[in-house]
Amino acid sequence: MKPIFITGCDSGFGRALAIKCAQRGMPVFAGCQFNEVWEDITLLPYSEK
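What follows is the structure, given as structure tokens:
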């Protein structure tokens, strides 16, 4: 499966989409605009692998 890059993962639709894709086992690269927000976000718990 090809990895996907999702921007706008700070909150809202981008974050929800990144989490949903990770839950389905897709390799996700999540892009955030603000470093402060990025420190609070982790997608690893949503991934099965």
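Mind the numbering: the sequence shown is residues 1300 to 1348 in the working numbering, read in order. Beta carbons: idealized from backbone N, C-alpha and C, even for Gly. The model shown is predicted, which means the values in this text are computed figures rather than measured ones.
Closest residue to residue i among the options (Cα-Cα distance)
i     : options                : result
I1305 : F1333, Q1332 and V1327 : V1327
Q1332 : G1307, A1315 and I1303 : G1307
Pairwise C-alpha distance: residue j and residue i
i     : j     : result
G1330 : G1313 : 9 Å
G1311 : M1300 : 25 Å
M1325 : D1309 : 19 Å
P1302 : A1315 : 17 Å
Neighbour-count burial assignment, residue i, 16 or more Cβ in a 10 Å radius
i     : result
A1317 : buried
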